[in-house]
Structures are given as C-alpha cells and as structure tokens.
Amino acid sequence: MNHYAVAVIAGDGIGPEVMAEGLALLQAAAEIHGGLAFETSSFPWNCRYYREHGRMMPEDGLTTLRQFDVILLGAIGDPGVPDHISVWELILPIRRAFQQYVNLRPIKLLRGLESPLRYKGHADLDFVVVRENTEGEYSNMGGRLHAGTPYELAVQNNVFTRYGVERIVRYAYRLAKETGKRRLTAATKSNGINHSMPFWDEIVKEVSGEYPEIETRLTHIDALSAYFVSRPETFDVVVASNLFGDILTDLGAAIVGGLGLAPSGNINPEKDYPSMFEPIHGSAPDIAGTGIANPIATIWSVSMMLDHLGERELGRLVLDSIEDVLTERRVRTPDIGGTATTREMGEAIREQLYRRG
Ligand code: ATP
Ligand code: MG
1 MNHYAVAVIA GDGIGPEVMA EGLALLQAAA EIHGGLAFET SSFPWNCRYY REHGRMMPED
61 GLTTLRQFDV ILLGAIGDPG VPDHISVWEL ILPIRRAFQQ YVNLRPIKLL RGLESPLRYK
121 GHADLDFVVV RENTEGEYSN MGGRLHAGTP YELAVQNNVF TRYGVERIVR YAYRLAKETG
181 KRRLTAATKS NGINHSMPFW DEIVKEVSGE YPEIETRLTH IDALSAYFVS RPETFDVVVA
241 SNLFGDILTD LGAAIVGGLG LAPSGNINPE KDYPSMFEPI HGSAPDIAGT GIANPIATIW
301 SVSMMLDHLG ERELGRLVLD SIEDVLTERR VRTPDIGGTA TTREMGEAIR EQLYRRG
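For the sequence shown, the residue numbers in the UniProt record's numbering are 1 to 357.
Structure below.
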C-alpha cells in the first residue's frame, strides 16, 4: 500500500469550490486503484486568515508543509488584500523554500474541446511550457528614488544565475528526452535585454550539446508569442524565464480553451521537498460563491500530482476521464459553453473514472 500525505490549501474565492472536486476525485482514484491511500490535511491559510492574524500563514507554516509529500493549492487572492501580500507571503515563500524551480504547464487541447484557433485540431495543440520559477525578472531587487520630483525613477533588477538557468534548462531537455520529444524552443530577447538574455542563450547552447538528438531553437519572445497563435504545432517543449514563461502560459491557456482548464505543477524535480500543484487561475471573485467555476483545471492538476508521485497510469486515467466527459458534451460549466455547476462537472468526471477504472 502506498500512502501519501497531501497538504491542502484551498485558499480564497473559487479555490475551496474547485478544491472540493479535486479532493473528491483524488479519493475516487485511490478507491479504484486499491493499493493507494491519500491522507489529506487542510490548512486555512488565505486572505481571511490574513485579516485575522496579520499574516498569510503561521510562522512555522513552511516547517509544517515540509512534512508532506505534496501540496495542493486552490487559489489565493482577494480584492481587499493587495496581491503583493497574498502572493509574496504565501505562494512565493513556498516555491522558494521548497526549491520548486520548475513551473510545468501543459498546453494541450483536450479531446472534445475547440480552440479559439478554430483551424487547429487537438493533435496540433499539445506541448509543454517549462517556466523558471525562482529567479529572473521577479527578483524583488530594486527600488525607487527621487519621489515627488520630475526625476522620480524605479529600477527592478533581473537576476539570472548560472546555477538557476542551468538547472531549468537541463530539466527541460531531460523532459524532452524522457517523453520522446524532438524539439526544444527557448524563449529569449537577447537583442533587447543585452546582459541577462545572452547569458541565458549561452547556457541553452552549452546544455544543448549534451542532447544532440533534440533540435534546439532560440526564439525571441515577441515572435514566439505570435507563433503560439500562428503555428503552435511546431512546439514540443518550450523553456522560458520567469516573466516570459508567465506571459506565455496565460497565452497558452487561452489557445486551449481558457483559464478554467489550465493546470500547473511547481516542481522540485529532486524530490528533496514537496512539490505543489495548482490551477493557474486566480480566485475569480466575479463568480465566487455562485457554484459555476470549472473544476477541470484543479482535477487536471491532481492528475499531474499523480504523475509526479509516480502513479502515471492513474494520472493518465484521470485525464482520459476528463476528456471522455468533454467529448460526450453533456456536462459542461458555463465557461466552456454549458450550464452545469462545479459539482456536476466534478461528479461526471468521477463517474467516468469509476466506469473506466
Ligand atoms: P486573482 O487576483 O486571484 O488572480 P483575477 O481576477 O486576476 O484573480 P482569475 O481569478 O484567474 O484572475 O480570473 C480571470 C477571469 O477568468 C475571471 O473572469 C474568472 O471568472 C475567470 N475564471 C478563472 N478561473 C475560472 C474557472 N475555474 N472557471 C470559470 N471561470 C474562471
Ligand atoms: Mg490574476
């Protein structure tokens, strides 16, 4: 029997609503597998917690999380609490403390869905973005000077370390090789950002030497964004810095059906620390409490978590079940053209999982 300890931070807004479906699915998956058990522990660390305690999580929060195999996160954010608090005091400390230096985001059009790029079928839209998750443009280094004068200025530094760039680029190549992919595209902008990006390019070229069987391309971020729309079928694995990856993956989510479907993993590949899986959408205050949020992004994140734990067959089964339900077209939440509730969508996927399993 494989036992896994799962920390759950459901968060704010639609976070708890979609997480309920993610967790129900996880228990269903354990039931059909037989030899698996997930022990989940929930932590109420969200913006309400912040209002009551003046912080997003207790002082020993990271020490507590450290003891788990994996973390599942719903969504964090509240219109009344600035993002720099909710993000900088909860999500970023977890990513950094646990060396979750890979942000893995599949860009895959699921069977049964149409892309807004209507001329593309689902075979054309299936690749993965590997985003650097700990350094780069989101460095917290910089400052402002001369407030209240005409010379007021703000500076924000990019930090690219050899250690940080090498490990993300290596991960991307390894992933390409392990999944039998032929092409790796690295996002760059060395013509405009003339210190850090040439350094990034150099390291990509060095590591590419270790993977002669994989075709490497360095593509400027502006052109790359256009290619996501005009020729997405030319990508297998895309590797990008923190900021570029952030932007590309929202674009990627849009071309495969929207935020309600897009999963992600914050991964520590060495498994020295827990990795964290979460839908990429936010707390969606505009629809929170109405019961219509799409739980697929969260359920797909659970599938990625199963892959990470080595339960690949089960992860695949979960994704197949999502695709079956979408292909049937009977149960859909409003964001993908239906009238179903969050719970109905979750239930339909669980029923299909039992049928397949
Ligand atoms: P946050 O500050 O928490 O990131 P946000 O408003 O910036 O919140 P999202 O919460 O991601 O960003 O919401 C963007 C839009 O996408 C909203 O209109 C929201 O309703 C919609 N949306 C996000 N997630 C879902 C979902 N799971 N199902 C349906 N619609 C969603
Ligand atoms: Mg947002």
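For every residue, glycine included, the Cβ atom is placed at its ideal position computed from N, Cα and C.
What residue range is occupied by the uninterrupted alpha helix (DSSP H) comprising residue i?
| i | result |
| --- | --- |
| F228 | I221 to S230 |
| I203 | S196 to S208 |
| D307 | I296 to H308 |
| I247 | N242 to I255 |
| V6 | From DSSP, V6 is part of no alpha helix (DSSP H) but of the beta strand (DSSP E) over N2 to G11. |
| D320 | R312 to E328 |
| I349 | T342 to R356 |
What are the start and end residues of the beta strand (DSSP E) that includes residue i?
| i | result |
| --- | --- |
| S41 | L36 to S42 |
| S275 | S275 to P279 |
| I267 | P263 to I267 |
What's the call for residue i, buried or exposed, on a 16-neighbour Cβ count within 10 Å?
| i | result |
| --- | --- |
| K271 | exposed |
| H53 | exposed |
| P232 | buried |
| V212 | In the sequence as presented, Val is not what sits at residue 212; that position holds Pro. With fewer than 16 other Cβ atoms within 10 Å, it is exposed. |
| A223 | exposed |
| Y138 | buried |
| T333 | buried |
| Q100 | buried |
| N194 | exposed |
| V155 | exposed |
| G245 | buried |
| H308 | buried |
Measure the CB-CB distance between residue i and residue j and report whether it falls below 8 Å.
| i | j | result |
| --- | --- | --- |
| E323 | L110 | yes |
| L248 | V239 | no |
| L113 | L353 | no |
| P274 | V70 | yes |
| I107 | G252 | yes |
| P198 | S190 | yes |
| V8 | F43 | yes |
| I280 | R105 | yes |
| R312 | E21 | no |
| A293 | V18 | yes |
| V302 | V318 | yes |
| V159 | I203 | no |
| residue 358 | V130 | Outside the shown range of the chain, which is 1 to 357, sits residue 358, and nothing can be said about it. |
| S283 | A75 | yes |
| T161 | T185 | no |
| I214 | A176 | yes |
| I299 | V325 | no |
Could you pull out every unbroken alpha helix (DSSP H) segment of at least 4 residues lying fully inside the region 29–110, listed in chain order?
-> 47–53, 61–66, 83–86 and 92–97
Pair every Cβ in the region 172–183 with every Cβ in the region 147–164, then say whether three or more of these pairs are closer than 8 Å.
-> no
Cβ contact check for the region 58–65 and the region 251–265: 3 or more pairs under 8 Å = no
Is it a yes or a no for the region 119–137 touching the region 289–300, going by three-plus beta-carbon pairs under 8 Å?
-> no
Kindly provide the ranges of any beta strand (DSSP E) runs that are 3 or more residues long and lie completely inside the region 133–199, ordered along the chain.
-> 142–145, 153–156 and 183–188
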